[in-house]
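By full-length UniProt numbering, the letter at position 59 of the sequence shown is numbered 59, and the numbering carries on one by one without gaps.
The structure appears right after this line, and notes come after that.
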Amino acid sequence: MHSILGYGGPTVILIRSKDNSDKGKCVRGVFGAYTFTPWTQESSQYYGNSDCFLFRLGPDPMAIYRPTSGGEDDMGTFGMSKAASTEQETRNYMYLNSEARSKGYDGLSHGIGFGGTSDMPRLFIDEVLDGCRAAPDDLTFGKGQLLSGVKDFSSATSHFEVEAIEVWGVGTSQLIEDALLARDGQRQDAQKKIRQVMKGAKGQFLDDFQSGLAGNKLFQHRDQIQGREGDCDIDRVEEEKV
(Lines of atoms letter the chains of each structure in order from A; the text may use other names.)
(Lines give C-alpha, C1' and ligand atoms only; values in the text may rest on other atoms or scores of the structure.)
Protein backbone atom coordinates (compact mmCIF):
# COMPACT_ATOMS: atom_id res chain seq x y z
CA MET A 1 0.00 0.00 0.00
CA HIS A 2 2.81 2.38 0.82
CA SER A 3 4.34 1.78 -2.63
CA ILE A 4 1.28 2.87 -4.60
CA LEU A 5 -0.15 5.58 -2.34
CA GLY A 6 0.38 8.89 -4.11
CA TYR A 7 1.47 7.31 -7.41
CA GLY A 8 0.00 9.67 -10.00
CA GLY A 9 -0.63 7.37 -12.94
CA PRO A 10 -2.36 4.20 -14.18
CA THR A 11 -1.37 0.93 -12.53
CA VAL A 12 -1.71 -2.81 -13.02
CA ILE A 13 -1.79 -5.10 -9.99
CA LEU A 14 -0.71 -8.70 -10.71
CA ILE A 15 -1.42 -11.43 -8.16
CA ARG A 16 -0.30 -15.05 -8.16
CA SER A 17 -2.27 -17.24 -5.79
CA LYS A 18 -0.97 -20.32 -4.02
CA ASP A 19 -2.20 -23.76 -5.01
CA ASN A 20 -4.86 -24.73 -2.47
CA SER A 21 -6.64 -27.29 -4.61
CA ASP A 22 -6.11 -29.93 -1.92
CA LYS A 23 -8.41 -27.81 0.30
CA GLY A 24 -11.08 -27.54 -2.38
CA LYS A 25 -10.02 -24.01 -3.29
CA CYS A 26 -8.17 -22.40 -6.19
CA VAL A 27 -5.13 -23.72 -8.03
CA ARG A 28 -2.06 -21.56 -8.59
CA GLY A 29 -3.19 -18.80 -10.93
CA VAL A 30 -2.56 -15.22 -12.05
CA PHE A 31 -5.17 -12.46 -11.95
CA GLY A 32 -5.45 -8.82 -10.98
CA ALA A 33 -6.79 -5.36 -11.74
CA TYR A 34 -6.05 -2.32 -13.86
CA THR A 35 -7.03 1.28 -13.06
CA PHE A 36 -6.28 4.53 -14.82
CA THR A 37 -7.12 6.57 -11.71
CA PRO A 38 -4.13 7.46 -9.51
CA TRP A 39 -3.98 6.12 -5.95
CA THR A 40 -4.09 9.59 -4.47
CA GLN A 41 -5.76 8.99 -1.12
CA GLU A 42 -6.52 6.69 1.76
CA SER A 43 -10.22 6.68 2.43
CA SER A 44 -13.10 4.69 3.82
CA GLN A 45 -14.92 5.52 0.58
CA TYR A 46 -14.49 4.16 -2.94
CA TYR A 47 -13.24 6.45 -5.68
CA GLY A 48 -12.07 6.24 -9.28
CA ASN A 49 -14.11 5.88 -12.48
CA SER A 50 -15.12 3.33 -15.09
CA ASP A 51 -11.65 3.37 -16.65
CA CYS A 52 -10.66 0.16 -14.86
CA PHE A 53 -11.23 -3.59 -15.05
CA LEU A 54 -10.52 -6.92 -13.36
CA PHE A 55 -8.87 -9.78 -15.20
CA ARG A 56 -7.75 -13.41 -15.05
CA LEU A 57 -4.67 -14.51 -17.01
CA GLY A 58 -4.55 -18.25 -16.27
CA PRO A 59 -4.31 -21.16 -16.09
CA ASP A 60 -8.05 -21.00 -16.76
CA PRO A 61 -8.90 -19.14 -19.99
CA MET A 62 -8.11 -15.42 -19.97
CA ALA A 63 -11.06 -13.22 -18.98
CA ILE A 64 -11.63 -9.47 -18.52
CA TYR A 65 -14.41 -8.09 -16.35
CA ARG A 66 -15.23 -4.47 -17.15
CA PRO A 67 -17.58 -2.15 -15.24
CA THR A 68 -21.20 -3.00 -15.98
CA SER A 69 -22.00 0.67 -16.70
CA GLY A 70 -20.27 3.93 -17.39
CA GLY A 71 -19.23 5.11 -20.77
CA GLU A 72 -17.85 2.63 -23.26
CA ASP A 73 -17.78 5.55 -25.70
CA ASP A 74 -15.18 7.21 -23.51
CA MET A 75 -12.91 4.15 -23.41
CA GLY A 76 -9.72 4.28 -25.41
CA THR A 77 -6.94 1.81 -26.06
CA PHE A 78 -6.27 -0.54 -23.13
CA GLY A 79 -9.14 1.01 -21.21
CA MET A 80 -7.61 4.49 -21.01
CA SER A 81 -10.23 7.23 -21.06
CA LYS A 82 -9.86 10.65 -22.59
CA ALA A 83 -12.02 12.02 -19.79
CA ALA A 84 -10.47 10.00 -16.96
CA SER A 85 -9.33 13.05 -15.02
CA THR A 86 -12.77 14.68 -14.99
CA GLU A 87 -15.24 11.80 -15.17
CA GLN A 88 -17.20 11.53 -11.94
CA GLU A 89 -18.82 8.21 -11.14
CA THR A 90 -20.40 6.94 -7.96
CA ARG A 91 -19.70 3.23 -8.44
CA ASN A 92 -17.43 1.13 -6.21
CA TYR A 93 -14.39 1.04 -8.46
CA MET A 94 -11.28 1.23 -6.26
CA TYR A 95 -10.60 1.38 -2.54
CA LEU A 96 -7.52 1.97 -0.37
CA ASN A 97 -8.03 2.00 3.39
CA SER A 98 -5.24 1.33 5.88
CA GLU A 99 -5.75 0.40 9.52
CA ALA A 100 -3.43 3.27 10.49
CA ARG A 101 -5.80 5.80 8.89
CA SER A 102 -8.66 4.91 11.22
CA LYS A 103 -6.64 3.17 13.95
CA GLY A 104 -8.75 0.09 13.15
CA TYR A 105 -11.95 1.57 14.56
CA ASP A 106 -13.97 1.98 11.35
CA GLY A 107 -15.01 -1.68 11.12
CA LEU A 108 -14.12 -1.74 7.41
CA SER A 109 -11.72 -3.80 5.31
CA HIS A 110 -8.11 -2.60 5.57
CA GLY A 111 -6.21 -2.99 2.34
CA ILE A 112 -6.75 -2.51 -1.41
CA GLY A 113 -10.08 -3.37 -2.97
CA PHE A 114 -12.06 -3.30 -6.20
CA GLY A 115 -15.84 -3.60 -6.53
CA GLY A 116 -18.14 -5.04 -3.90
CA THR A 117 -18.64 -3.04 -0.72
CA SER A 118 -16.28 -1.47 1.82
CA ASP A 119 -16.77 -4.36 4.23
CA MET A 120 -16.50 -7.00 1.48
CA PRO A 121 -14.82 -5.88 -1.78
CA ARG A 122 -15.05 -8.10 -4.89
CA LEU A 123 -11.25 -8.29 -5.15
CA PHE A 124 -9.54 -7.56 -1.85
CA ILE A 125 -5.85 -7.58 -0.93
CA ASP A 126 -5.49 -7.37 2.83
CA GLU A 127 -2.72 -5.02 3.99
CA VAL A 128 -1.01 -7.91 5.79
CA LEU A 129 -1.96 -10.40 3.01
CA ASP A 130 -4.23 -12.31 5.35
CA GLY A 131 -7.85 -12.90 4.40
CA CYS A 132 -7.52 -11.94 0.72
CA ARG A 133 -10.62 -12.50 -1.37
CA ALA A 134 -11.64 -12.74 -5.04
CA ALA A 135 -15.39 -13.16 -5.45
CA PRO A 136 -17.04 -14.11 -8.75
CA ASP A 137 -19.53 -11.24 -8.89
CA ASP A 138 -20.60 -7.84 -7.54
CA LEU A 139 -22.63 -4.86 -8.73
CA THR A 140 -19.73 -2.92 -10.29
CA PHE A 141 -17.89 -5.35 -12.57
CA GLY A 142 -19.04 -8.11 -14.90
CA LYS A 143 -19.72 -11.53 -13.44
CA GLY A 144 -17.04 -14.21 -13.65
CA GLN A 145 -14.42 -16.10 -11.70
CA LEU A 146 -11.04 -14.46 -11.06
CA LEU A 147 -9.54 -17.55 -9.45
CA SER A 148 -8.58 -20.60 -11.50
CA GLY A 149 -9.74 -24.14 -10.81
CA VAL A 150 -12.79 -23.03 -8.80
CA LYS A 151 -16.14 -24.42 -9.90
CA ASP A 152 -18.19 -23.62 -6.80
CA PHE A 153 -19.23 -19.96 -6.51
CA SER A 154 -19.52 -20.02 -2.71
CA SER A 155 -17.92 -17.52 -0.35
CA ALA A 156 -15.75 -20.30 1.12
CA THR A 157 -13.92 -20.77 -2.19
CA SER A 158 -13.41 -17.05 -2.86
CA HIS A 159 -10.52 -16.72 -0.39
CA PHE A 160 -6.95 -17.16 -1.58
CA GLU A 161 -3.38 -16.99 -0.31
CA VAL A 162 -0.89 -14.70 -2.03
CA GLU A 163 2.22 -16.33 -3.42
CA ALA A 164 3.44 -13.19 -5.17
CA ILE A 165 2.13 -9.71 -5.91
CA GLU A 166 3.48 -6.97 -8.17
CA VAL A 167 2.29 -3.46 -8.98
CA TRP A 168 3.33 -1.94 -12.31
CA GLY A 169 3.01 1.64 -13.47
CA VAL A 170 1.94 1.70 -17.12
CA GLY A 171 2.11 4.33 -19.84
CA THR A 172 4.85 6.32 -21.54
CA SER A 173 8.21 6.93 -19.89
CA GLN A 174 7.22 10.56 -19.24
CA LEU A 175 3.91 9.53 -17.69
CA ILE A 176 5.62 7.09 -15.33
CA GLU A 177 8.28 9.65 -14.39
CA ASP A 178 5.62 12.26 -13.60
CA ALA A 179 3.64 9.70 -11.58
CA LEU A 180 6.70 8.81 -9.49
CA LEU A 181 7.37 12.51 -8.85
CA ALA A 182 3.78 12.89 -7.67
CA ARG A 183 4.23 10.00 -5.26
CA ASP A 184 7.47 11.46 -3.91
CA GLY A 185 5.77 14.81 -3.44
CA GLN A 186 2.94 13.24 -1.46
CA ARG A 187 5.41 11.37 0.74
CA GLN A 188 7.30 14.60 1.46
CA ASP A 189 4.04 16.35 2.37
CA ALA A 190 3.11 13.49 4.71
CA GLN A 191 6.51 13.60 6.44
CA LYS A 192 6.24 17.37 6.78
CA LYS A 193 2.89 17.00 8.53
CA ILE A 194 4.35 14.37 10.88
CA ARG A 195 7.25 16.70 11.78
CA GLN A 196 4.81 19.54 12.44
CA VAL A 197 2.72 17.34 14.73
CA MET A 198 5.82 16.17 16.61
CA LYS A 199 7.08 19.72 16.92
CA GLY A 200 3.71 20.84 18.23
CA ALA A 201 3.61 18.03 20.78
CA LYS A 202 7.13 18.85 21.95
CA GLY A 203 6.28 22.54 22.26
CA GLN A 204 3.14 21.74 24.27
CA PHE A 205 5.16 19.58 26.65
CA LEU A 206 7.69 22.37 27.23
CA ASP A 207 4.89 24.88 27.85
CA ASP A 208 3.29 22.51 30.36
CA PHE A 209 6.63 21.92 32.07
CA GLN A 210 7.39 25.63 32.36
CA SER A 211 3.92 26.35 33.74
CA GLY A 212 4.33 23.60 36.33
CA LEU A 213 1.58 21.42 34.88
CA ALA A 214 3.93 18.63 33.82
CA GLY A 215 5.77 18.75 37.15
CA ASN A 216 2.53 18.60 39.09
CA LYS A 217 1.42 15.53 37.14
CA LEU A 218 4.86 13.95 37.40
CA PHE A 219 4.85 13.98 41.20
CA GLN A 220 1.15 13.59 41.68
CA HIS A 221 1.57 9.90 42.55
CA ARG A 222 3.77 10.85 45.53
CA ASP A 223 1.13 13.21 46.87
CA GLN A 224 -1.46 10.49 46.55
CA ILE A 225 0.72 8.06 48.51
CA GLN A 226 1.29 10.67 51.19
CA GLY A 227 -2.41 11.26 51.43
CA ARG A 228 -3.02 7.57 52.10
CA GLU A 229 -0.11 6.76 54.43
CA GLY A 230 1.02 10.08 55.85
CA ASP A 231 4.49 9.93 54.28
CA CYS A 232 6.43 7.82 51.82
CA ASP A 233 9.85 6.21 51.46
CA ILE A 234 10.96 8.90 49.02
CA ASP A 235 10.51 11.60 51.67
CA ARG A 236 12.43 9.58 54.26
CA VAL A 237 15.34 9.01 51.87
CA GLU A 238 15.48 12.71 51.05
CA GLU A 239 15.44 13.60 54.77
CA GLU A 240 18.30 11.17 55.49
CA LYS A 241 20.39 12.75 52.74
CA VAL A 242 19.83 16.20 54.24
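Note that beta-carbon positions come from the ideal geometry of N, C-alpha and C, so glycine has one too.
Could you give the residue range of the beta strand (DSSP E) that holds residue i?
| i | result |
| --- | --- |
| residue 33 | 30-35 |
| residue 133 | 132-134 |
| residue 163 | 162-169 |
| residue 66 | Looking at the DSSP string, residue 66 is not in any beta strand (DSSP E), and its letter there is neither H nor E. |
| residue 251 | Beyond the ends of the chain as shown, which are 1 and 242, falls residue 251; an answer cannot be given. |
| residue 56 | 52-58 |
| residue 123 | 123-126 |
| residue 4 | Segment: none, residue 4 is in no beta strand (DSSP E) and carries neither H nor E. |
| residue 111 | 111-114 |
Have a look at the options and flag the residue whose alpha-carbon is nearest the alpha-carbon of residue i.
| i | options | result |
| --- | --- | --- |
| residue 152 | 9, 30, 25 | 25 |
| residue 113 | 44, 100, 174, 20 | 44 |
| residue 33 | 97, 170, 8 | 170 |
| residue 148 | 20, 129, 3 | 20 |
| residue 144 | 56, 35, 42 | 56 |
| residue 35 | 27, 95, 59, 69 | 95 |
| residue 67 | 59, 50, 60, 61 | 50 |
| residue 111 | 105, 12, 128 | 128 |
| residue 59 | 120, 124, 28 | 28 |
| residue 37 | 101, 178, 93 | 93 |
| residue 180 | 22, 23, 39 | 39 |
Between the alpha carbons of residue i and residue j, how many angstroms are there, rounded?
| i | j | result |
| --- | --- | --- |
| residue 5 | residue 198 | 23 Å |
| residue 159 | residue 47 | 24 Å |
| residue 174 | residue 10 | 13 Å |
| residue 168 | residue 137 | 25 Å |
| residue 77 | residue 163 | Note on residue 77: pLDDT 38, under 50, position unreliable in the model; no value is reported. |
| residue 17 | residue 150 | 12 Å |
| residue 41 | residue 14 | 21 Å |
| residue 117 | residue 99 | 17 Å |
| residue 119 | residue 188 | 31 Å |
| residue 157 | residue 192 | 44 Å |
| residue 166 | residue 12 | 8 Å |
| residue 185 | residue 3 | 13 Å |
| residue 135 | residue 124 | 9 Å |
| residue 133 | residue 178 | 32 Å |
| residue 23 | residue 154 | 14 Å |
| residue 108 | residue 182 | 28 Å |
| residue 101 | residue 126 | 14 Å |
| residue 63 | residue 106 | 34 Å |
| residue 161 | residue 176 | 30 Å |
Assuming the contact rule is C-beta atoms closer than 8 Å, residue i and residue j should be a hit. Round their C-beta distance to whole Å, please.
| i | j | result |
| --- | --- | --- |
| residue 122 | residue 115 | 3 Å |
| residue 53 | residue 146 | With 8 Å as the limit, residue 53 and residue 146 do not qualify as a contact, their Cβ atoms being about 11 Å apart. |
| residue 65 | residue 8 | At roughly 25 Å, the Cβ-Cβ gap does not stay under 8 Å, so residue 65 and residue 8 are not in contact. |
| residue 195 | residue 140 | The Cβ separation is near 39 Å, so there is no contact. |
Output the boundary residues of the alpha helix (DSSP H) element that contains residue i.
| i | result |
| --- | --- |
| residue 102 | 99-102 |
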